[in-house]
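Adding 1488 to a residue's 1-based position in the sequence shown gives its number in my numbering.
Virtual Cβ for every residue (Gly too), placed ideally from N, Cα, C.
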Amino acid sequence: MTSSLVIMGNRMHPLERFPILILNNQNYHKNHTVVVLVFVQPAVQVTFRKMLYMFCRTMAKKIRTAVRPNTKKEKVPDTTDEVARCREERSSYLDLSHLGLQTLPAGIFKEVGFIESLFLYGNRLTSLSPSLCSLPNLHRLMLQQNWITCCGLPNEIAKLTHLEVLDLRHNRLEGHLPACIYKLFNLEQLILSYNKLTVLSDDLKNLQRLTVLILNRNFIRQSIPDTIGQLTRLTKLDLSYNHIESLPSSLGNCTCLRELNLQHNQLTHLPDSIGNLVNLTRLSLKYNRLVEIPLTLASCSRLDEFNVENNQIYALPPGLLSNLKLARNITLSRNLFNVFPTAAGGECFCYAMTLNMDHNKICEIPPNILSQSGCLIKLNLRDNEIEALIPEDLHTWDQLVELDLGSNHLSTLPPEIEALQALEVFRLGYNQLKSLPQEVGCLKALRILDLESNQLDVLPPSIGFLTSLEELNVSCNRLTTFPSTIGSMLNLKQIKAGENDIRELPCEIGNMPVLRDLHLNDNVNLNNLPAELSLCSTLTILGLENCPLRDLPQPIVVHGSAMIIYFLQQVLQLRRQNHTSL
1489 MTSSLVIMGN
1499 RMHPLERFPI
1509 LILNNQNYHK
1519 NHTVVVLVFV
1529 QPAVQVTFRK
1539 MLYMFCRTMA
1549 KKIRTAVRPN
1559 TKKEKVPDTT
1569 DEVARCREER
1579 SSYLDLSHLG
1589 LQTLPAGIFK
1599 EVGFIESLFL
1609 YGNRLTSLSP
1619 SLCSLPNLHR
1629 LMLQQNWITC
1639 CGLPNEIAKL
1649 THLEVLDLRH
1659 NRLEGHLPAC
1669 IYKLFNLEQL
1679 ILSYNKLTVL
1689 SDDLKNLQRL
1699 TVLILNRNFI
1709 RQSIPDTIGQ
1719 LTRLTKLDLS
1729 YNHIESLPSS
1739 LGNCTCLREL
1749 NLQHNQLTHL
1759 PDSIGNLVNL
1769 TRLSLKYNRL
1779 VEIPLTLASC
1789 SRLDEFNVEN
1799 NQIYALPPGL
1809 LSNLKLARNI
1819 TLSRNLFNVF
1829 PTAAGGECFC
1839 YAMTLNMDHN
1849 KICEIPPNIL
1859 SQSGCLIKLN
1869 LRDNEIEALI
1879 PEDLHTWDQL
1889 VELDLGSNHL
1899 STLPPEIEAL
1909 QALEVFRLGY
1919 NQLKSLPQEV
1929 GCLKALRILD
1939 LESNQLDVLP
1949 PSIGFLTSLE
1959 ELNVSCNRLT
1969 TFPSTIGSML
1979 NLKQIKAGEN
1989 DIRELPCEIG
1999 NMPVLRDLHL
2009 NDNVNLNNLP
2019 AELSLCSTLT
2029 ILGLENCPLR
2039 DLPQPIVVHG
2049 SAMIIYFLQQ
2059 VLQLRRQNHT
2069 SL
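Structural data, given as structure tokens:
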């Protein structure tokens, strides 16, 4: 409780001034009270006497409320209702989740020893009571989101001989996993995510019935034990977001594995035995330090995704991708590729729907590389060193919906670009384009066109034929205006044209009924705006930073874009009135 005393008035003389206590309500809250003493002349003492009385009463009441100590006792979590329900219904589960429990009440399980599932997640437990062993039929124990430490897991937990599912994610387990966990011989699912475990014991082999092992977001270093190869029933293994440097070759014995997540580790190589995992459908290897992929991986023909993003791979074994016939999504981004992967007969990407090869060092796109890629709808080649497109090849890209060629070295686009009739997203930013072919207007399905940071000084009039276009980005070019055909782009919602040399806008810009964002910032020679711009009734963002607009009244300009639009409305209205009178 802090208080401030503010005294207003001149020098005090006895009985010459009358103090009035005023509570400053604007500054009052439970931890801060401001008292204002206002001194008035004696002539008005009677007038203020009642006011003084009322203010003092109010003040005293509020101060008492502010300083009153909190005598409420913290509510003790009540488990009796749920235990009673479970007992009366002979329920198979007991749900004590999210009750704020710090400990388990003594004898809580005495009358519910028949339960098969116990939910204790979302509490503040640091340890478990040995009384858990009085639940001989327990199959599921959900302990996630607590504060349980390794020392807090009693040895008695090993007596839960029927336990099949143990969830300890989001706890405070550190170092070695307690030995009692390795004695749960019937365990089928063990979830240990978001802890600080660093080592797995060779005793992992004891969990022979395990089908799901989740260890992501821990601090496991070096390798995992060879004995993991004895867990032959494993179908899902998640070791992502650790510091694992290598995998034992025995992992190839886990032939039932369908999902293997190894992303965000420090792996430099994979064992050849990984090819034995023929039932794999999902394999994530991104964000490691791999320099090569073993050819044996081609045996994993059921993979529906192949992702090696952000490694140090410069080539793939010939024929690897052509054998992964179910891999619809292929991601080779952020590696050291300087050429496309190849395969006999050009069948490298026959079945892929998405191909990501951005952030590599590819200089050219080989002829016919996509000629048999009839399913490919997304091609991402951003941030490479591509200098040109092969015109004769573009007709084989006609199924593409999204094409990203941004941040390359393109200086021209061939007229054959018109073949991309299905294209909806076309990203060409950060190249060296000096012009666009008229054929760009044939891309009738286009919704997004990104041309940022090129060297364009004009847009072709045919751009007005892009009637499906919703977003146009021509920032950081050399444009001086837009073609008048821009008024035909009736679905255009956003134009980014900042940092150009735009000097005027066509009056047809007022014909766009859904234009929402218009960014014209940093066009230092833009001195006027057409009055028709005020007809864009949906316009909510008009960026005019660092545009001089010298031909508009400066008192209007300094009040911002809303005032400018209002001014343009008045100009247009006046113009129409004059036209009518004539």
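So, with DSSP's three-state summary, where would you put residue i?
| i | result |
| --- | --- |
| I1818 | strand |
| Y1581 | strand |
| Q1696 | coil |
| V1779 | coil |
| A1657 | Residue 1657 is actually Arg in this sequence, not Ala. Of the three classes helix, strand and coil, the one that applies to R1657 here is coil, per DSSP. |
| L1629 | strand |
| E1604 | coil |
| H1757 | coil |
| L2062 | helix |
| N1643 | helix |
| S1617 | coil |
| I1636 | coil |
| V1913 | strand |
| L2030 | strand |
| N1811 | helix |
| T2068 | helix |
| L2056 | helix |
| D1566 | coil |
| Q1529 | Residue placement at Q1529 cannot be trusted, given a pLDDT of 47 that sits under 50; what the coordinates show is reported in the next sentence. The answer is coil: DSSP assigns Q1529 none of H, G, I, E or B. |
| K1598 | coil |
| G1610 | coil |
| S1485 | Residue 1485 is absent from the model: the chain starts at 1489 and stops at 2070. |
| N1764 | helix |
| Q1982 | strand |
| R1770 | strand |
| D1433 | Residue 1433 lies beyond the range of the chain shown here (1489 to 2070); nothing can be said about it. |
| E1576 | helix |
| N1929 | A small correction: the amino acid at residue 1929 is Gly; Asn does not occupy that position in the sequence shown. If DSSP states are grouped into helix, strand and coil, G1929 belongs with the helices. |
Pick out whichever of the options has its Cα sitting closest to the Cα of residue i.
| i | options | result |
| --- | --- | --- |
| S1605 | D1760, L1626, L1616 and G1588 | L1626 |
| L1901 | D1566, Q1920 and D1792 | Q1920 |
| L1648 | L1778, I1865 and L1629 | L1629 |
| H1959 | Q1982, E1940, S1976 and N1965 | Note on residue identity: the sequence assigns Glu, not His, to residue 1959. Among Q1982, E1940, S1976 and N1965, the Cα nearest to that of E1959 belongs to Q1982. |
| T1955 | I1936, Y1918 and S1810 | I1936 |
| L1771 | L1755, L1791 and N2009 | L1791 |
| D1886 | Q1909, A1876 and S1895 | Q1909 |
| V1962 | A1985, G1740 and L2017 | A1985 |
| G2092 | C1838, T1614, R1573 and P1618 | Residue 2092 cannot be examined here, being either before or after the span of the chain that is shown, 1489 to 2070. |
| T1720 | K1693, N1706 and A1840 | K1693 |
| S1821 | C1788, A1815 and L1867 | L1867 |
| S1941 | N1611, A1933 and N1965 | N1965 |
| H1752 | A2019, I1636 and E1797 | E1797 |
| E1638 | L1661, L1654, T1568 and D1989 | Looking at the sequence provided, one finds Cys at residue 1638 rather than Glu. When each option's Cα is compared against that of C1638, the closest is L1661. |
| K1813 | A1840, N1826 and I1801 | A1840 |
| L1680 | K1671, N1704 and N1674 | N1704 |
| L1582 | L1592, N1844 and E1570 | E1570 |
| T1723 | L2021, T1968 and Q1677 | Q1677 |
Run the CB neighbour count on residue i, radius 10 Å, all protein chains shown included, and call it buried at 16 or more, exposed below.
| i | result |
| --- | --- |
| P1829 | buried |
| H1658 | buried |
| H1664 | exposed |
| F1837 | buried |
| T1819 | buried |
| L1584 | buried |
| C1788 | buried |
| S1580 | exposed |
| Q1696 | exposed |
| P1456 | Examination of residue 1456 is not possible in this model, given that the chain is present from 1489 through 2070 alone. |
| H1847 | buried |
| F2055 | buried |
| D2039 | exposed |
| Q1514 | The pLDDT assigned to Q1514 is 39, lower than 50, so where the model puts this residue is not dependable; a value taken from the coordinates is nonetheless given after this. Q1514 should be labelled exposed. |
| Q1718 | buried |
| Q2058 | exposed |
| Q2061 | exposed |
| E2020 | buried |
| V2012 | exposed |
Handout entry: Meets three-Cβ-pair contact criterion under 8 angstroms: the segment 1734-1746 and the segment 1700-1713
Key = yes
Handout entry: At least three beta-carbon pairs within less than 8 angstroms, the segment 1777-1784 to the segment 1758-1765
Key = yes
Exercise for the section: Could you tell me whether the segment 1853-1860 touches the segment 1871-1884, using the rule of 3 or more Cβ pairs below 8 angstroms? Expected result: yes
Problem - Secondary structure, beta strand (DSSP E): runs of 3+ residues fully inside the segment 1700-1743 - result: 1700-1702 and 1724-1726
Practice task
For the segment 1842-1922, list the beta strand (DSSP E) runs that are entirely contained and at least 3 residues long, ordered along the chain.
Solution key: 1842-1844, 1866-1868, 1890-1892 and 1913-1915
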